[in-house]
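In my numbering, the protein residues as written are 906 to 1346.
Right under this line is the structure:
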C-alpha cells in the first residue's frame, strides 16, 4: 500500500523542517522547495508565520491522524506522527500567536526562525491584526478553544466575544425573477438592509437573510469543509442561505460563474498577474469588491457541501462548474484553469492548489465526517456545536424559531443564455484535449 509510505515521507519532511527552523514552533510559514528535497521559508516569510493557514493545516493533520487510526490500526507510529503535528500546534499556539487580551495574531514576527522557541520573542508583524473573523480564520480559534490548556475559560470566551462585531445579519434584496427591473438590469437595484425583523420576499423583490461577508468570497466558507457546522443548525441554515443568495445574485447579474478570492486574469503572455482577494458580492460585504467581473471554478465549492434533504445542491454546483470550465481556456492538461473574466477576453493561465483542491474535496463532502469522528473520540463535539449555536443564535435566532428571509426560495442553477462569450482561442499545446497532454490526465 503506497499511502502509508507517502504519508511517512510527508511527516518526515515536516519534522526535518521543524528541526531546521524550531522558532516556528511546529507551524509552517509560506515555503518553497529548496531543490534538494527540502523546504525553506519564502523570502517574504523569513521569521514570519501566519495563523489562518495553519488553522487549516492543523485540522488537516487531525483528519489524517483519524483516517489512519481507522484504516491502518497497525500503523500506530504513523498515527502518532500526525497526532504530534496538530497537538504541537495546539501546545505552542498561545506562545507563538496569542496577544492577551486581543486574541490570536493573524501573522506573528519572531526573532530568529533557526533558534528554539525559548530564545525567540513573538510579536505582531507590521500593523497588528487578529483572528476576529467568523470566516475561515475561525478554524484556528476553534482548535485553541477546544484543546488549549494555556487559556483560561475567560480567555476562551473572549475569543468569541471579539468575533461578534463582524457577525452581522443583513438582507440581500433583489428585484424578483418576474420584475421588469430585472430585465432592465441596473446595479443600483441591488440593496442591503440591516435589522432583526424577518421580511418575506414579494412579487417585486427577492429578500434573503445572510451573514455579511468580508468580500462575500466563497473562500470565506472554507471552514465548512473541516468542521461539523451542519450539526449546529443555527449556523448551518445561515450558511445555506448565503449560498442561496449567491445563486440568486448570479442570476440577477447574468453570470454563469461564481466569485472567490483568486489569481486574476492577464491579457498577454508573460504578464504577471495579481492576486484578487476582493472578488465577491459588494452589497453584502464589509469591504470594497473591485473584481466582481472575475469568476473562478472553485467559487462553486460551497454548493457541493449542501446535501441536506430537499436542499441538495450538488447538481447546481456541478452546473456552475460546468458552465465555467467549458468557456475557452477554461480547462487545460491539469484540469480547471484558475479564473476568467466574465467578458470572455482573458483568463489566469495557471493552476493552484487553492482553486483546485477545494472543488475536489467539497465534491467528496470535505473532511467533516472524519473530523467529527475524531472530535467524538475526544468528547468535544458537543462543546463545538454548543458554542457555534450560541454565537449564531444570538444574531440569527434559534433554528427552531422563525424562518430566515428567503429560506423558502430555491437555489438557482446557471442559465446557458448567460454563458461566458467564446472569444478566445483555446490553449494550443495544453488544452484539455491536446495530444501533448499526459495520457493519464
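C-beta: ideal position from N, C-alpha, C; glycine also.
Per DSSP, which one or two residues make a beta bridge with residue i?
i, result
"residue 953", "1014"
"residue 1112", "1078"
"residue 1236", "1241"
"residue 938", "944"
"residue 1129", "None, per the DSSP bridge assignment."
"residue 1213", "1216"
"residue 1246", "1199"
"residue 1266", "Residue 1266 pairs with nothing; no bridge assigned."
"residue 1252", "1171 and 1245"
"residue 1003", "1009"
"residue 1118", "1190"
"residue 926", "Beta-bridge pairing links residue 926 to no other residue."
"residue 1181", "1167"
Quick one: Cα of residue i to Cα of residue j, how far?
i, j, result
"residue 935", "residue 1219", "33 angstroms"
"residue 1174", "residue 1252", "11 angstroms"
"residue 982", "residue 917", "12 angstroms"
"residue 973", "residue 1275", "10 angstroms"
"residue 1074", "residue 1151", "16 angstroms"
"residue 1264", "residue 1125", "14 angstroms"
"residue 921", "residue 1047", "28 angstroms"
"residue 1261", "residue 929", "28 angstroms"
"residue 1017", "residue 1235", "44 angstroms"
"residue 910", "residue 1228", "39 angstroms"
"residue 1022", "residue 1057", "22 angstroms"
"residue 1129", "residue 1271", "8 angstroms"
"residue 1076", "residue 1143", "11 angstroms"
"residue 1177", "residue 1170", "9 angstroms"
"residue 906", "residue 952", "38 angstroms"
"residue 931", "residue 1334", "42 angstroms"
"residue 1187", "residue 1121", "8 angstroms"
"residue 1243", "residue 1059", "43 angstroms"
"residue 925", "residue 1012", "20 angstroms"
"residue 913", "residue 984", "10 angstroms"
"residue 1183", "residue 1196", "6 angstroms"
"residue 1090", "residue 1158", "Only weak support is given to the placement of residue 1090: the predicted model assigns it a pLDDT of 46, under 50, and the value that follows is read from those uncertain coordinates. Their Cα atoms are separated by approximately 7 angstroms."
"residue 1226", "residue 1322", "16 angstroms"
"residue 1361", "residue 1029", "Nothing can be reported for residue 1361: it is not among the residues displayed for the chain, which extend from 906 to 1346."
"residue 1248", "residue 1233", "11 angstroms"
"residue 993", "residue 1267", "27 angstroms"
"residue 1147", "residue 942", "43 angstroms"
"residue 1223", "residue 1026", "48 angstroms"
"residue 1079", "residue 1043", "30 angstroms"
"residue 963", "residue 1019", "22 angstroms"
"residue 989", "residue 975", "17 angstroms"
"residue 1134", "residue 1327", "39 angstroms"
"residue 991", "residue 1055", "15 angstroms"
Quick test of your reading: residue i and residue j, contact by CB under 8 angstroms. State the CB separation rounded to the nearest angstrom.
i, j, result
"residue 1202", "residue 1230", "6 angstroms"
"residue 1200", "residue 1160", "7 angstroms"
"residue 1245", "residue 1115", "So it is not a contact: roughly 25 angstroms between Cβ atoms."
"residue 1015", "residue 1153", "Actually they do not touch by this definition, with Cβ atoms about 46 angstroms apart."
"residue 1113", "residue 1310", "6 angstroms"
"residue 1127", "residue 961", "7 angstroms"
"residue 1051", "residue 1285", "5 angstroms"
"residue 1194", "residue 1204", "About 13 angstroms; that fails the 8 angstroms criterion."
"residue 868", "residue 933", "What is shown of the chain runs 906 to 1346, which leaves residue 868 out entirely."
Could you tell me whether the region 1056 to 1068 touches the region 1000 to 1009, where touching means 3 or more Cβ pairs closer than 8 angstroms?
yes
Are the region 993 to 1000 and the region 969 to 979 touching, with three or more C-beta to C-beta distances below 8 angstroms?
no
Which ranges does the alpha helix (DSSP H) cover as unbroken runs of at least 4 residues, wholly within the region 1272 to 1313, from first to last along the chain?
1273 to 1282 and 1286 to 1301
Residue ranges of each alpha helix (DSSP H) within the region 1019 to 1062, 4 or longer:
1043 to 1052
Stretch pair the region 1280 to 1295 + the region 1196 to 1210: three plus CB contacts closer than 8 angstroms
no
Would you mind listing the alpha helix (DSSP H) stretches within the region 1121 to 1167 that are 4+ residues and don't spill past its ends, in chain order?
1138 to 1157
To test your reading of the DSSP string, which unbroken alpha helix (DSSP H) runs of 4 or more residues are found completely within the region 956 to 1000?
957 to 976
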